[in-house]
Amino acid sequence: MASYDFQSIEKKWQQYWQEQQPFKAEVNAKKPKFYALDMFPYPSGAGLHVGHPLGYIASDIVCRFKRTKGFNVLHPMGFDAFGLPAEQYAIQTGQHPAVTTEENIARYKEQLKNIGFSFDWSKEVQTCDPDYYKWTQWIFIQLFNSWYDYEANKAKDIEELVSAFAKDGNTQINAACDEDIAPFSAADWNAFDEAKQQEILLQYRLTYLSETTVNWCPEMGTVLSNDEVKDGFSERGGFPVVRKNMKQWSMRITAYAERLLEGLDSVNWPEPLKEMQRNWIGKSKGAEMDYAIEEHEDKITVFTTRIDTVCGVTFLVLAPELDLIKKITTDAQRKEVEDYVEVAKNKSERDRMTNVKTVSGAFTGAYAINPFNKERIPIWIADYVLAGYGTGAVMAVPGGDQRDFDFAKHFDLPILPVYDSMDVSKEADATKEGKIINKGILEGLSFQEGTDKAIAFLEENNIGSGKINYRIRDAIFARQRYWGEPVPIYFKEGIPYPVAQEDLPIVLPEIDKYLPTADGDPPLARAEGFTYTPKGSNESYPLELSTMPGWAGSSWYWYRYMDANNENAFVSSEAQAYWKDVDLYIGGTEHATGHLLYSRFWNKFLCDKGFAKEEEPFKKLVNQGMIQGRSNFVYRIKGTNKFVSLGLRDKHETSPMHVEVSLVDNDILDTEAFKAWRPDLKDAEFILEDGKYICGYEVEKMSKSKYNVVNPDDIIEKYGADTLRMYEMFLGPLEQFKPWSTHGIDGVFKFLRKFWRLFHNGEETFEVADEAPTNEEQKVIHRTIKKVEEDINNLSLNTSVSTLMIAVNELTALKCNKREVLEKLVITLSPFAPHLAEELWELLGHKGGVSLAQFPVYDERFLTESTHEYPISINGKVRAKIAFAIDKPKGEIEAEVLDNEVVKKWTEGKTPKKMIIVPKRIINVVV
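UniProt numbering numbers the first residue of the sequence shown as 1 and each following residue consecutively.
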């Protein structure tokens, strides 16, 4: 091959990897395992832009390195293929979501293969494949057939609960369950009919059907998650969203709240991400207490973490969704309350939690009685209180809480100091210092004394108790959509039953439209004969019409990669015992309180039931930063079709306009391409500077609307995949956000050409020497090996690239073409630029590919400086170089310099006037 023809080289080795499958991973007990996982993508129609592969490149470098270190590496890839975008496209075009999804996946795979990833494609999974979602349905059934025993602190089979009920009733059961379960005896249980028993069991199951407040989008005909709602509208499409009660499937993730918290201490995850999960779970230690309501038998139960402030309560606030509000609201206040409820119910919980600046509410007209001081307290409603957190009621202490203070000031409600050290004129300033000053049984007590006495008072009077609460809510597990996993449940006389395992999967049926029916039923109601006939029965029963949410298939997919083609189990015991868990997981922080939390929940459940070996699925997690777009701007002179270059725009009144970045090279606009870009620009005129049109730029999120999306295909065509891989790492630390810029990409491309030339006489002839390397050459290669290995282990991949560049520059200066050095250098480069490394490895005469080579071991001898080669300057000109031992005495160095034949020649036998030795730098001889 005459020169570095990256296009031919990369196609050749990609073909080789596809045919030979050197990255296929099988269980091998003789080798240590390493399991690296990337958060698998949703295959959108837009394909990949240069920001998407950042994490994949990093994990691929680590995987290729680990293989050369003797590890058996599992590095799979698949697609999170169910989801709303494909369904919305199907609604608009009538094309089946499976068709567009398949096309999009094919496009993604083509792009991923072009970048040279060492994925084991034999283990590819797609969540929309029935062979895959059969096991998602299977896990759903396991959850349905389980309950959580707090005494054993684990999930158990539902049949154990049935046996306990038949023997002792439910009064001795300490389980995760609905709040309002009535006590019953064994005799009661055994007398209940099947419908009643199943109704009770549904209140204990880990996946259950219940009335739930959801985000309902009428125009889309589906429930949306909080993440899919922004300011009362759907993020996709901008349709109005309302809060309404619906019967929905939910998962009892709250049962695992404490274990989810504890598990964070055992994983190597970024601390900010762990803190996000801790805050989402929201553990609070406090007390629950009852307030009597004047002229009503009902009570209001509140949870508070500051029971010591109870004597500072001046009003109660209820969540607008509570049914109690209708009962207690007076006629005089009813319209105001109903109007407020109508507005509040259409706000998402996220908006209500984050919108701290707006104060709003309505007075019910009812009053409660503070059991500690018998004060009469007005009852209000406000949307800052959420029905799903605690009890949906808050005892407001405006003297000790900022939001309560703002509310009290806005509605002119009383504000009482709680402690004698508090000055309420400085707004809310809750403190644990001082003594409680309000009248009542807590007066004169400290924070801790007041807390202890208040809880004791609650329990003695049977009006409350100490309690631990969690902010996390049970996860709604149903969507009124088409493009998702069918729920494997059928209904017999309205009672839900699981489909038999041997009848899985329940395959997504064909329907005529991907919209709800005229009656408002989910799209699956359009399917003909969507029923289930249990084995041994002659009757067919209706199947559940909702589908699973997007997070279902992603909550266990790492297990399927271990054994992707197993038809008899979601993963074999052998594969699971070997691969165990994920050693390195790379993905974005946006999944902190969604996918990552649900995955840990499902994993702990599978571990409880003996289906998984490890309590936590992901040992180490790294959040890659985002590659941001570098937008370019042109400047139109207002009222014209004339554009002025950046440096001249101050002389004109202009407005900036985003321009397609592909029309710009290093901020210089291709004016002819610009005129051809859009019809309205064909007559554009330009005011240039130095004969060029210079664009402005700004760093923004990569987006089609900003015309700053860079397609990796374009970069690969121009520079090659190895250049793209190394350049993305070279941009900066993996975890940081950094702007995309092609300013430095030429430098990386030139480095790879320079690397190629080390092995060639010019670029034409492959030529390496078998003679032994010099000490200086050994020093360069062993220093490089050590630094690159340390950097890969620390994921400091940007400094690895710099180290390799320095090494090539130094070896080029030394004119090194020694086989012993260059073979080591090829292996060291191979994780970063695998195509080039494979080609050179073959040219060096090796078979089997560089991925099977052993990573070189650095020799400490060459890293220890024992000598230094000094330039010898005579009257200001370097005439010789002499190496001396580092610790050689000054007198011996002087004598040896004077005795050197070259020095004698240039001093002409004269005795030098002086000799200056600069340690480890230079020796100056002045004659």
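Every residue gets a Cβ at the ideal spot worked out from N, C-alpha and C, and that includes glycine. Every value quoted in this text rests on a predicted model; they were computed, and no experiment measured them.
In the DSSP assignment, R753 falls within the alpha helix (DSSP H) that extends over I745 to L758. Annotation note: the region 295-347 contains the following uninterrupted beta strand (DSSP E) runs of length 3 or greater, listed N- to C-terminal: 299-304 and 315-318. Each residue's CA atom was taken as its position, placing A853 and I827 some 7 Å apart. Nearest in C-alpha terms to G361, of all of A612, V878, D406 and A195, is D406. DSSP places V709 in the coil class of the three-state scheme, outside both helix and strand. In this structure, the straight-line span from the alpha carbon of A287 to that of D452 is close to 10 Å.
Taking I917 as reference, the option from S122, G732, I886 and I57 with the minimal CA-CA separation is I886. When the beta-carbon positions are compared, V926 and K913 come within less than 8 Å of each other.
Collapsing the DSSP output to three states places R376 in a strand.
For W189, the enclosing alpha helix (DSSP H) covers residues A186 to A191.
D38: member of the beta strand (DSSP E) spanning K33 to D38, first to last residue.
Residue burial is scored here from C-beta neighbours: Q7 has fewer than 16 other C-beta atoms within 10 angstroms and is therefore classed as exposed. Taking 8 Å as the cut-off, the beta carbon of N145 is found closer than this to the beta carbon of I158. Proximity to V125 across L201, F40, D581 and I91 peaks at F40, based on C-alpha coordinates.
If you look at Q248, you'll find it in the beta strand (DSSP E) that goes V242 to M251.
The residue from Y35, D667, G691 and N708 with its alpha-carbon nearest to that of R630 is N708. In the displayed model, V507 falls within coil according to three-state DSSP, outside both helix and strand. Every beta strand (DSSP E) stretch that sits fully inside the region 821-879 and reaches 3 residues is listed by chain position as 867-874. Separation of the CB atoms of I415 and P398 is rounded to 4 Å, and the pair is thereby assigned contact status at 8 Å.
Per DSSP, the beta bridge partners of I489 are P498. When DSSP states are grouped into helix, strand and coil, P523 belongs to the helix group. Distances from the alpha-carbon of L206 to those of S802, W147, N538 and E901 put W147 closest. Note that the C-beta distance between L829 and V821 is not below 8 Å. V622: member of the beta strand (DSSP E) spanning L621 to N623, first to last residue. Close CB contacts of W551 within its chain, under the 7 Å cut and outside five residues either way in sequence, are with G594, H595 and Y598 (chain order). Between W740 and I627 the beta-carbon gap is near 5 Å, inside 8 Å, which marks them as a contact. Per DSSP, reduced to three states, the secondary structure at I415 is coil, with no helix or strand assignment. Segment contact: the region 298-315 against the region 273-286, three or more CB-CB distances shorter than 8 Å; contact assigned.
Within the region 530-616, the runs of alpha helix (DSSP H) that reach at least 4 residues and sit entirely inside it are, in chain order, 557-562, 573-579 and 595-608. Residue range F447 to E460 is occupied by the alpha helix (DSSP H) that includes I455. For Y89, there is no enclosing beta strand (DSSP E); the residue is found in the alpha helix (DSSP H) stretching over L84 to T93.
Contact between E660 and I637 fails: their C-beta atoms lie close to 20 Å from each other, not under 8 Å. Buried is the label assigned to F477, since at least 16 other Cβ atoms lie within 10 Å of its Cβ. By the Cβ test, the region 61-80 is in contact with the region 29-47, since at least three Cβ pairs between them sit closer than 8 Å. Residues of the same chain with their beta carbon placed closer than 6 Å to that of H846 are lacking, with the five preceding and five following residues left out of the count. Its chain contains L260, G263, E616 and P617 as the residues whose beta carbon lies nearer than 7 Å to that of R600, once the 5 sequence neighbours on both sides are disregarded; these appear in chain order.
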